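Enquirer: Handing you this structure, nothing more for now.
Protein chains in written order, with the working numbering: chain X, 59 to 559; chain L, 830 to 930; chain D, 690 to 1318; chain Y, 2 to 516.
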């Protein structure tokens, strides 16, 4: 007879899963509602999703308070790990999602928003990302990662255009390969340490003083490949521009923010202990990877003809920039990572939303992609506010003060400087200069060229009040970022520091 | 000959390598999916073997999760493949280059 | 007395501004009249100040602060002492005359108002130059006269040659001004002040080499304004300006500013006799050098200009040898007769419809009697015939050279005196005597307005009496400030031999000139094609050399700097860097060929590369660790 | 209100620009003039309130922005910045008042008002990040002005301008972050406050690195040889108003920053780099003058002349003594007035003939006498004639550097020669000679709108040349404080010698003042 397994519900601490569960329940609820009554308007689903996400956010904030009082919370056989990083990143994930979901409220009809499954999948995806960041167990991370990714592939495909399918297939296939990397890397770690929990692995490795350095490195290589894919590090980045181009601008913007922050948190958990224990190889490789990712993607962005593709490369570059935090590994750097990403969310939200509102259903003759630069030529004449908005987001992306990203940038470079990475700081700074060129290119088209008549009618075609509100929020967040930086810094530092990073 | 953990791991690695080669070489989307399945199953073998060797169940748990994920991957992947095939009538990778640069 | 100082100084400025108000309008007679009247007021004030100074006083005012920074303190300070009052008198007299004369001379010029504005502005600058109580104040005037000289040389701005000459004059002066600025910097950093009194009181405490350098730099500054070799070419070219300008600026006043500077800075030069000797030698050289060029020149105004140059050389000889008062005395006398000569030349030009070649004139004494008399008088004075002004001032310089035992200088100057007499009367003879060659060109000369002649009269009188009457009182006055050196040849026999000998030599030269040119003009082809003649006629080829060595290469170099260095190297590098980055993008973004297979391959390649690196590192790591064990 | 006058000065134009969006386009010019005039009078009022006898910062305002990272909104003026601020407001007013642009005037005026905010902000900022914010922000309106209203190559020129300056300032930003980090190391507190940084004494080798980082940012802005090539394009393509503001104010940001940052923060490095920089300055002076001489386009002559004059300013700054620095600051203002006026003048002729090639002109003096006169006055000011504004600055700058090196000054002094060469020959080509082109025969002389801009500049150019004291005195007092600070901070023996000790030569000072 089997011995009864006695586990008290309290020790299980199921509440640690509450935020994710809220999202999952939300998804299920949407599916159920659809069973009861079909054909509800997309605005209904948007709002229901928002409500669930609001609850989700409330739960996370609640954990924030608990964390500040009593430190890291563990649950579900230590599978769940709610520390500062988890809380911060979940806030970014959920809040970011809340800003992006209303982008469905376009004035044009889009096929995917008529399916309640779209919103359900969206919520599943969010739950997946939340699992990813709220655990240091490789299994759970893997499950979260795949849940989110599979949902994401589907969301992309739902856009129902030839390019979207192509994008989804590409993303999917490469994602499957990356999943293989992840699993294999985990396996090696498991083989040499007997554990799949990152802190256990760290302890085990420290105990035998990295005796199996060769295997450790091989494991790291595989995990780096998997996470590098998620973060679109060169050369695992190749999916990014195609997928961004293929998916709707709203989703592309989302992809540039939320999945990446989840990836960053995993990367922080996985690599920082290695960096700190003096694995020189990893330092060197990360250094090179950061520099190459930043620089190469910047250089490729220079030669793009499509704004969305350009933004894709630009977000690769930003991700590379932020990866530097993991290399630097100080509290300041990790704080900078979250600060940067919080500010980046606003700016990128604005930038992609501006593309989204000018979405056209049918390409005009000679147009090869959705958002060629020419489309924006002379925008300041026809729609000055729109032009100013785009310019604002572009300048912020370029790191021109006092707009949002500038503050993230100086804090990040400041972290590099404080940690003695002088060359890295310089490279980061100079990369911003290269990047300025392609952001400027759009400004040049908008402000300094003559309008092209055929494109005129597509501006703001897709705009609705909700979209304009979102853009307004993004703009306010970008312009007045300076006033938010101090409170943000304080909170982030508190959380990051207390999590031991 | 006694079969040790090493053998399992070598097998796992070899399978993984085969999967990798398949991923690189195959132009047929379906075959590509098979290759990715091989990748994951290579890991499964390793996981199970290590789990047995270590005497704890974490590895097996991981393996089960991988199987589940692989299954859902196949579901999504085949779904995409079918839609793609419906739209284009082909499942050849080289046709899939409308975006580049 | 201060009020007279301010009147003397600012009356010309008021006149200039007033005339300038109408600068863009056609001729308005009253601008000329008012400007002249204000200058007369300036003259009267100067005379009153002179009277005051003669009683042994000086006036020193500090109007206001100009520049004060760090330890530097420079006021607008003005001093009227024995030296400056001399200059003020010279300037105000000559300029008043020239102003009145110009009313006639410029009567038909459409830039009449503008002309008087410039001319009065010049007088103001000159007044600032001579009255300032510090070196930087002097520099204001120094540059100011340069500006006015530029404006006036280029007055007929539609003439290419005029504007070219104007720019040449300005730029060449600027070269010298740089040296002067350096001299000023040296004074400031070594003495802490630029006030004359402070500088002169303390200069002797400085180390010898510093004083020497200060002296040299200041003198280079003086060389520019006074057109000493090698910065002399602008003066002859400056004759492109209207003739009254040449009379006032390029004969009487501005070009003597250099001499004034050396005289003013005599406490500095007294400390460095070696530099003084160099100045004197250069002066003597220029005296001879310029005179030789005047011998063969065929341009009436240029001949007079070379003569001016030559006389400036004389002045520098005196100043260099420490005979500051003699230099200043010659400056004054020279101003009178040279201005007279120029104004006469102006009459001739007018009569000849701006013809400048004396070989195309002749026999003008019939139609232009007054002018003939004045010019002859001025030439006699220039040649230094007793009892006219030149005798007292110029022969004094010869005596100085002799007494100071600089016999070479003496010889050079003596020879130059002969040359001077020759070219002066060559000019007079060609213009006023002989055949009326101009008739061939259909020109019917007429005398200038009578008021112009009346205006010239005071100069004529001064040219006659300045030496005889003024010498002693002047000496008494000015030696209150300048070293009181007397230059007497104690041996009476020597003195008489020298004096009479010089006179005879000069008269012989005059006679020769008359003989050669007063009747018919024979052009001696053989002489003219001779090397010497060509050398002199082409001004020793110096303008040409400057053109070839400095101007043209500078332009070429400038074009090179722009087209080759700036555009093709500096800018191309910048663009090149940008292009390299951009081209890298163009070349490598094809790795994103959109094919899923190659995308997957890239991932695997990335993995493999990392694996290889990991293995390599591990191998290396183990090797090191094994060794350590 | 007096306590917040600087903030008002900074943000009033920006606010007014926002309101300007509402103003109808026919009235927007009047609106612009009104705003600029109010701003100008506010700045005059600031001058009036300013105590010239105090050397330190006045009207300081402090508000924490990012206190966790030591960034705060900290502004203040001293004698060094006061007049550049006034110059900025003055030129904005002049620029808008004499605006002849017809295309999209509203956009232009709003842009100019934004630009005004950034200009005042740069010179008032005492926090490095606030400084950097305004510094970078100033690029954007200028980018737009050049790019939207410029000539045929305008886009190339504007992007070049932006990217070049942006790149340099990013390196400077890294320097600033290092500086803050060293401050953090020394005190345990982050701070970007300049006044706090002044108290920091850094090891010489670190000073040298940081000096280099700051130098790149400033040198590109100035622009120093060999980083100058963006300038001819920017000027060549920019509309008149753009060139005017660029030359008059924006270039001064670089030189101002040298005085504000490089000298007091890195006194030893300043001494070490004094001669290399002097060599660059001399190259700027002579080389740019030569290039200017070779130009065919009169605007390019003025553009290169700017580079040449900026060389003198740099030289004055690196004289590292009161005379030189005071002179260089004065020359900044002088060059602002003069080059601004020259660009306005070039604009006048460009408006009439739509060409700037000198070969297209000739004999303008007879067709446009008033224009020729004003141009002549400004040209002479540019050449540095005494009693014009430039002379005071040039003289003091060169005088100052003479203390450091005789031979360098001698070479640098050729500025007055080469400057005369290109200016006079350009003037000769455009204004002298006969009118050869038919189109030029009936050109209109300057009109009232244009005189509105030009006459005040002529007055200022002469007034400050004759009576520079109202400016020199406050500048001098503040510069003395900086020089003393540098001397006190200097560590190497050479630096102690090169930078004068004013406290110990006070005896000499009082003697001079008594005089």
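Just so you know, even glycine gets a beta-carbon here, dropped at the ideal spot from N, CA and C.
Computed from a predicted model, the values in this text were never measured in an experiment.
Determine the chain X residues that contact residue 1296 of chain D at a beta-carbon separation under 8 Å, and present them in chain order.
Expert: Going along chain X in sequence order, the residues near residue 1296 of chain D (Cβ under 8 Å) are 239, 279, 280, 283.
Enquirer: Which same chain residues, not among the five before or five after residue 359 of chain X, have their C-beta less than 6 Å away from its C-beta?
Expert: The answer, listed in chain order, is 368, 371, 372, 496.
Enquirer: At a Cβ threshold of 8 Å, is residue 888 of chain L touching chain X?
Expert: It does; some Cβ of chain X falls within 8 Å.
Enquirer: Could you check how far apart the C-beta atoms of residue 118 of chain X and residue 148 of chain X are, in whole angstroms? I think they sit under 8 Å.
Expert: Right, their Cβ atoms sit about 5 Å apart.
Enquirer: Given this structure, state the Cα-to-Cα distance separating residue 176 of chain Y from residue 491 of chain Y, to the nearest angstrom.
Expert: For residue 176 of chain Y and residue 491 of chain Y, the distance between alpha carbons rounds to 20 Å.
Enquirer: Helix, strand or coil: how does DSSP classify residue 762 of chain D here?
Expert: Looking at residue 762 of chain D - three-state DSSP - the assignment turns out to be strand.
Enquirer: For a contact defined as C-beta to C-beta under 9 Å, what are the partners of residue 1283 of chain D on chain L?
Expert: Under the 9 Å cutoff, chain L gives 925, 926, 927, 928, 929, 930.
Enquirer: Alpha carbon to alpha carbon, how far is residue 1117 of chain D from residue 1123 of chain D?
Expert: Distance between the alpha carbons of residue 1117 of chain D and residue 1123 of chain D is about 10 Å.
Enquirer: The alpha helix (DSSP H) that contains residue 1189 of chain D, what's its start and end?
Expert: Looking at the DSSP string, the run of the alpha helix (DSSP H) that includes residue 1189 of chain D is 1181 to 1206.
Enquirer: If we ignore side chains and look at the alpha-carbon of each, how far apart do residue 940 of chain D and residue 286 of chain Y end up?
Expert: If you take the alpha carbons of residue 940 of chain D and residue 286 of chain Y, they lie about 35 Å apart.
Enquirer: Assign residue 923 of chain D to one of two classes, buried (16 or more other C-beta atoms within 10 Å of its C-beta) or exposed (fewer than that).
Expert: That one is buried.
Enquirer: Going straight from the alpha carbon of residue 1192 of chain D to that of residue 985 of chain D, what length do you get?
Expert: Their backbone Cα atoms lie some 23 Å apart in a straight line.
Enquirer: With residue 69 of chain Y as the anchor, note down where its beta strand (DSSP E) starts and where it stops.
Expert: Looking at the DSSP string, residue 69 of chain Y is not in any beta strand (DSSP E), and its letter there is neither H nor E.
Enquirer: Compare the beta carbon distance of residue 518 of chain X and residue 415 of chain X with 8 Å and say whether it is the shorter of the two.
Expert: The answer is yes: Cβ separation under 8 Å.
Enquirer: Whether or not the stretch 825 to 844 of chain D and the stretch 1163 to 1183 of chain D are in contact is what I'm after, with contact meaning three or more pairs of Cβ atoms, one per stretch, closer than 8 Å; do they touch?
Expert: As far as the Cβ criterion goes, the stretch 1163 to 1183 of chain D does not touch the stretch 825 to 844 of chain D, which means the pair count is below three.
Enquirer: I want to know whether the stretch 80 to 100 of chain Y touches the stretch 338 to 350 of chain Y - three or more CB-CB distances under 8 Å.
Expert: Flag = yes, the stretch 80 to 100 of chain Y and the stretch 338 to 350 of chain Y touch.
Enquirer: Return the residues of the stretch 750 to 775 of chain D that lie within a Cβ-Cβ distance of less than 8 Å from chain Y, sorted by chain order.
Expert: Those would be 753, 754, 755, 756, 757, 758, 759, 760, 761, 762, in chain order.
Enquirer: Under 8 Å, Cβ to Cβ, is there at least one residue of chain D near residue 511 of chain Y?
Expert: With a pLDDT of only 43 at residue 511 of chain Y, under 50, the local geometry of the prediction cannot be trusted, and no value is derived from it.
Enquirer: Does the beta carbon of residue 856 of chain L sit closer than 8 Å to a beta carbon anywhere in chain D?
Expert: Yes - at least one Cβ of chain D is within 8 Å of the one on residue 856 of chain L.
Enquirer: Just to confirm my understanding: we take residue 310 of chain Y, look at its own chain, exclude 5 residues before and 5 after, and list those with CB closer than 6 Å. What are they?
Expert: Around residue 310 of chain Y: 336.
Enquirer: Are any of the Cβ atoms in chain X nearer than 8 Å to that of residue 1274 of chain D?
Expert: Yes, because at least one Cβ of chain X sits closer than 8 Å to the Cβ of residue 1274 of chain D.
Enquirer: Since I believe residue 461 of chain X is in contact with residue 539 of chain X (beta carbons under 8 Å), could you give me their beta-carbon distance rounded to a whole number of angstroms?
Expert: Indeed, because the Cβ distance is near 7 Å, the residues count as touching under 8 Å.
Enquirer: Here's a check: name, in chain order, each residue in its chain whose Cβ is nearer than 8 Å to the Cβ of residue 881 of chain D, leaving out the five neighbours to either side.
Expert: Contacts found: 760, 887.
Enquirer: Inspect the CB distances between the stretch 842 to 853 of chain D and the stretch 422 to 434 of chain Y and report whether three or more fall short of 8 Å.
Expert: Because the criterion of three Cβ pairs below 8 Å is met, the stretch 842 to 853 of chain D and the stretch 422 to 434 of chain Y touch.
Enquirer: Got a sec: which bits of the stretch 285 to 301 of chain X sit with their beta carbon under 8 Å from any beta carbon on chain L, in order along the chain?
Expert: Those would be 299, 300, in chain order.
Enquirer: Please go through the same chain and pick out, in chain order, the residues whose beta-carbon is closer than 7 Å to the beta-carbon of residue 172 of chain Y, but skip the five residues on each side of it.
Expert: Only 214, 217, 218 meet the Cβ criterion.
Enquirer: Answer with yes or no whether the minimum CB distance from residue 833 of chain L to chain X is below 8 Å.
Expert: Answer no: the Cβ-Cβ gap between residue 833 of chain L and chain X never drops below 8 Å.
Enquirer: Let me make sure I understand the geometry here. Which of L/833, L/861, L/830 has the alpha-carbon closest to that of residue 233 of chain X?
Expert: Answer by Cα proximity: L/861.
Enquirer: Using 8 Å as the threshold, is the C-beta distance between residue 1077 of chain D and residue 1198 of chain D below it?
Expert: No, Cβ-Cβ distance for residue 1077 of chain D and residue 1198 of chain D is not below 8 Å.
Enquirer: So, is the C-beta of residue 1247 of chain D closer than 8 Å to a C-beta in chain Y?
Expert: By this cut-off, residue 1247 of chain D is an interface position.
Enquirer: What does residue 821 of chain D pair with, by DSSP beta-bridge criteria?
Expert: For residue 821 of chain D, which the question treats as bridged, DSSP gives the partners D/767.
Enquirer: Does the separation of the CB atoms of residue 243 of chain Y and residue 150 of chain Y fall below 8 Å?
Expert: Going by C-beta atoms, residue 243 of chain Y is nearer than 8 Å to residue 150 of chain Y.
Enquirer: Helix, strand or coil: which one does DSSP assign to residue 518 of chain X?
Expert: Coil, per DSSP.
Enquirer: Going by CA-CA distance only, name the one from X/71, X/121, X/177, X/204 that's closest to residue 897 of chain L.
Expert: Cα-wise, what sits closest to residue 897 of chain L is X/204.
Enquirer: Under 8 Å, Cβ to Cβ, is there at least one residue of chain D near residue 371 of chain Y?
Expert: Yes, its Cβ sits closer than 8 Å to a Cβ of chain D.
Enquirer: Apart from the five residues just before and just after residue 295 of chain X, which ones in its own chain have a Cβ nearer than 6 Å to its Cβ?
Expert: Closer than 6 Å at the Cβ level, and outside the excluded window around residue 295 of chain X, lie 374.
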